[in-house]
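>
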Amino acid sequence: MMFMIGALVTGAAGSVPERGVSYTVASVEAVLDATAFSCRIRDYAQPTAVRFTVRLRDVAATSGPNAAAAQEFLQERLRDPRQIKLHNVEDRGYFRLTADVYVDGVDVGAQMAGEGLVRRSLPAEPTPQPQVRTEVLSFEPPERAIDRPRAAPVGRSGESLQTLLTRTVDLSRIGPETTVQEALTIVAESVEPRLPLLILWNDLERNALVDRDMPIGIEGLGRIRLDRGLDLILRSAAPNSALTLTAEGGILTLSTRYGGVYKPRMAVYSVGDIFASPSGQHSMYGGRNGGLGGNYGGAMMR
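Take our numbering: the final residue in the sequence shown is number 461, and no numbers are missing along the way.
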């Protein structure tokens with residue numbers, strides 16, 4: 160049985176505005192500076208309790224008195240509007256968005272630039288958009304036996320990994336400053352018996368750039384299905400990488416699709432021709448049975 164949770168990415172890395180996507184702001188939490196604020200989004204596809212940081216597109220704060228005046232202006236515009244819409248959304252990862260922000264139908268960034276409170280900045284050169292498809296897959300064992308052990312039941316109650324992953328758990332201890340390692344520990348300990356989660360940190364750090372001490376940037380999970388909470392954590396830790404969860408032998412192993420769990424096999428190759436002395440010359444590695452291989456061959460792992 161195998162579970163795959165994460166983003167399956169094809170194409171070059173990078174992000175461009177999602178021109179066909181618009182979100183409605185449910186509530187504004189705080190104005191962070193002259194061009195950014197934190198909020199919650201009503202029609203986002205994921206749980207609405209997640210807090211986003213939104214930055215105005217193509218404008219930049221100025222120095223001096225205008226910076227404070229621009230922040231006050233933005234705070235006043237966001238204080239009690241009828242509607243706030245985000246257009247041309249660009250996902251920067253870790254729940255950070257860049258967008259054209261419209262308050263009651265007015266482009267706030269353009270309004271602030273027109274009044275000299277902020278300056279226009281040149282948009283970044285667009286890069287190809289990766290085709291991202293997030294899935295939670297489960298593969299049923301085939302009718303014929305395969306040369307791989309099936310996931311064994313875990314715990315005294317005999318609950319399978321599939322059953323544990325569908326249980327509703329309390330993840331309210333996870334906050335924006337919780338590290339990736341702490342968040343995964345909380346998830347594993349949220350069920351009884353403990354979720355048997357094995358994490359290949361070297362693989363995650365090398366192939367997905369996941370730092371175990373990186374803040375997860377998630378707030379408001381509360382009570383949620385274990386597999387759904389785990390999915391949100393993994394997508395926050397590595398928004399543009401495919402992470403896999405492999406269930407085998409009663410253990411759930413977290414790795415990347417590039418460094419997945421595999422079983423090495425031994426193969427023996429003859430290296431005599433490599434180290435044999437050319438005709439009329441002496442080898443620097445020795446004779447027939449010396450040096451790094453001779454005519455006896457060498458063993459290699461692949």
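Note that CB positions come from ideal geometry on N, CA and C, so glycine has one too. If you're wondering where the values come from, they're calculated on a predicted model, not measured in any experiment.
Could you compute how far the alpha carbon of F196 sits from the alpha carbon of I383?
27 Å
> Under DSSP, the alpha helix (DSSP H) around R365 begins and ends at which residues?
From DSSP, the alpha helix (DSSP H) with R365 extends over 360–366.
> Using the DSSP secondary-structure output, state which residues sit across from D259 in a beta bridge.
When DSSP reads this structure, D259 sits in a beta bridge with H246.
> At the level of alpha carbons, what is the spacing between L256 and L356?
31 Å
> Going by the beta-carbon positions, is the gap between R416 and T405 smaller than 8 Å?
no
> Could you give the DSSP three-state label for D390: helix, strand or coil?
helix
> Looking only at its chain, what residues have a beta carbon closer than 7 Å to the beta carbon of V213, apart from the 5 residues adjacent to it on each side?
A195, F196, C198, L245, L256, A258, V260
> How far does the alpha helix (DSSP H) with R236 in it reach, from first residue to last?
224–236
> Run through the DSSP bridge pairs and tell me what G252 is partnered with.
R255
> The alpha helix (DSSP H) spanning T344 covers which residue range?
339–347
> Quick one: using the 10 Å Cβ neighbour count with 16 as the cut-off for buried, is R278 buried or exposed?
exposed
> Check for me: the beta strand (DSSP E) holding L413 runs from which residue to which?
410–415
> Quick one: residues in its chain with C-beta nearer than 7 Å to the C-beta of F232, no 5 flanking neighbours on either side, listed in chain order?
M271, L276
> In terms of DSSP beta bridges, what is S319 paired with?
Answer is none; S319 lacks a bridge partner.
> Which same chain residues end up closer than 7 Å to S181 when comparing Cβ atoms and leaving out the 5 residues on each side of it in sequence?
K244, L245, H246
> Can you tell me the Cα-Cα spacing of D362 and G264, whole angstroms?
47 Å
> Using three-state DSSP, classify G379 as helix, strand or coil.
coil
> Kindly give me the distance between the Cβ atoms of R236 and V262, rounded to whole angstroms, as I take these residues to be in contact under 8 Å.
5 Å
> For A272, report the span of its alpha helix (DSSP H) as first-last.
267–273
> Between L215 and G268, how many whole angstroms is the CB-CB distance? I'm expecting something under 8 Å.
4 Å
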